[in-house]
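The block underneath contains the structure these notes are about, expressed in structure tokens.
2 protein chains.
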Amino acid sequence: MPTSNPTTRRKTEQRAAIVDALRKNDRAMTAQELHDLLDSVGLATVYRNLGRLAEDGEIDAIRRPNGETAYRACTAGHHHHLICRNCGLVVELHDCSLDDWGRKIADKHGFVGVEHQAELLGTCEKCANRS
Amino acid sequence: MPTSNPTTRRKTEQRAAIVDALRKNDRAMTAQELHDLLDSVGLATVYRNLGRLAEDGEIDAIRRPNGETAYRACTAGHHHHLICRNCGLVVELHDCSLDDWGRKIADKHGFVGVEHQAELLGTCEKCANRS
DNA sequence: GATCTTATTGATAATGATTCTCGCTTTTAC
DNA sequence: GTAAAAGCGAGAATCATTATCAATAAGATC
Ligand SMILES: [Mn+2]
Ligand SMILES: [Mn+2]
Ligand SMILES: [Zn+2]
Ligand SMILES: [Zn+2]
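Heads up: the protein sequence lines correspond to chains A and B, in order. Residue numbering for the first sequence follows our numbering, beginning at 2 and increasing consecutively. Residue numbering for the second sequence follows our numbering, beginning at 2 and increasing consecutively.
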């Protein structure tokens, strides 16, 4: 078995820089983008911290259509995303009415432990106005 | 610019074999899985045809949590998927009540051209019964 | 403050899915 | 039949992500 997974998290300026960069941005950012921005932080470190922060629920992972994973410093609690497919702007949607929908369908088909995943893709006002 | 993209599609036994394999399976399959199954069809050919078939709307692409893309011969029309996270069984959900939800939220935030994407992940009856 | 333990870092190699190359084969129109 | 072009496939190339591992630094203990 590999080295046991530490439960304690130390404070490092690298992680602080990553969280800070995410907090200052409305868009979701990939590890590569963050590494370009914070050229003092190694690429592997960016990946590691993004993974852990997402694991700890401190940031959200967003899968882009091309397969890359981007991350965003969202507020707490279950929510969904409305994403501009042009500029990447992300709006958090905290009013989720999909639990009923999922539960009903799950029951009908005999599924248990169902969770839903949903996103809205569109063009934001700013991007639409300069087309 | 690269070679212009052909609009005409020729009939080949490779593509037929791929579609046939998908039609015979309730689960979604990756290119690798299909290549293992149909060892007479080259891997690049599997990828090429899956991409085109999805482009043409003849099959559905399903993104797995780990990032791989799997494909399934679904019936026509807009629908969502209820997927067993253990055995991969896929149930098509053709009763979609999410358009209203999406449109309403889009309007509220000034987004246009919004489309939704949603999936349900759970454990199917069969898998739940033998835990 | 010195010292020790070990989480963390980062340059680099490795992985793995997907895409590209390019010469050969097959489909299909004439 | 012939020929133009789509399709094929073995292998090389991409590219995002992960694994290595020696060096560093955070936090605990004295
Ligand atoms: Mn929800
Ligand atoms: Mn729908
Ligand atoms: Zn925008
Ligand atoms: Zn199942």
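The beta carbon of each residue, even a glycine, is placed where N, CA and C say it ideally should be.
The contact set of V47(B) on chain A, defined by CB atoms closer than 8 Å, is empty, because the minimum CB distance reaches about 18 Å. Residues of chain A whose Cβ lies closer than 9 Å to the Cβ of T124(B) are, in chain order, F112, V113, G114, V115. Contact with chain B is absent for G78(A), since none of that chain's Cβ atoms lies less than 9 Å from the residue's Cβ.
For V91(B), the pairing in a beta bridge is given by DSSP as I84(B). Residue list for ligand 3: C85(A), N87(A), C88(A), L90(A), C125(A), C128(A) (CB closer than 5 Å to any heavy atom, chain order). Excluding sequence positions up to five before and after R16(B), its CB lies within less than 6 Å of the CB of N50, all in the same chain and listed in chain order. According to DSSP, G123(B) shares a beta bridge with C85(B). For R49(A), the uninterrupted alpha helix (DSSP H) run begins and ends at 44-56, by DSSP.
Separation of the CB atoms of A32(B) and V42(B) is rounded to 10 Å, and the pair is thereby denied contact status at 8 Å. Interface flag for Q33(B) against chain A is unset, since no Cβ pair is found closer than 9 Å.
At least 9 Å separates the CB of E56(B) from every CB of chain A.
DSSP, read as helix, strand or coil, puts E59(A) in coil.
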